[in-house]
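Step one of this worksheet: look at the structure below.
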Amino acid sequence: MNEMFETFSKANQSVFDTLCKVNEINQKAMEKLLSQQLDLTTAMVDVSMKNIELVSKAKGYQELLSGQADLARDCSQTLMTSYKQGHDVLNEARESMTKLMDESVKSAEETVKQATSIKKAA
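Numbering (this note's numbering), first residue to last: 458 to 579.
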């Protein structure tokens, strides 16, 4: 009977440890995504400021349109880079979660085997 309690205690500790690791993976991903979001926000403010400067200094429509086209191109490249970085962060988190879940399944299988052998012995 005591072995059964020890097995369940180990299983509960394993679940707790797994949940702590899930929380850690999520926290790291959110920190990276928040940092990227702040960088993107800064970049968008910079684009807005450059556009204001361009509007105030442009000598004609052609110069204004050309400058805005350059800004739009730069902005789209920044957005694409941000998208790729965010995608990488989410892929990294997914891979970490997959590895953790695979380890958890193996641990659960071992716990079930131990519990079954204890039950048969009793």
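Every residue, glycine too, gets a C-beta built ideally from N, C-alpha and C.
- Scanning MET501, LEU557 and GLU567 for the CA closest to the CA of ASN480 turns up LEU557.
- Approximately 5 Å separates the beta-carbon atoms of GLN493 and GLN542; this is inside 8 Å, confirming the contact.
- No residue range can be given for ALA515, since it is assigned to no alpha helix (DSSP H) and is classified by DSSP as neither H nor E.
- Taking a contact to require three or more Cβ pairs closer than 8 Å, the segment 467–474 and the segment 490–510 do not qualify as touching.
- Buried is the label assigned to THR464, since at least 16 other Cβ atoms lie within 10 Å of its Cβ.
- About 7 Å separates the beta carbons of ASN508 and GLN525, which is inside the 8 Å limit, making them a contact pair.
- Closest by C-alpha distance to ALA550, out of SER466, ILE482, ASN469 and LYS478, is ILE482.
- Of the candidates SER466, VAL512, SER553 and THR568, VAL512 places its Cα closest to the Cα of LEU528.
- Non-local C-beta neighbours of VAL546 in its own chain, meaning closer than 8 Å and more than five positions away in sequence, comprise ALA486, LYS489, LEU490 and GLN493, ordered along the chain.
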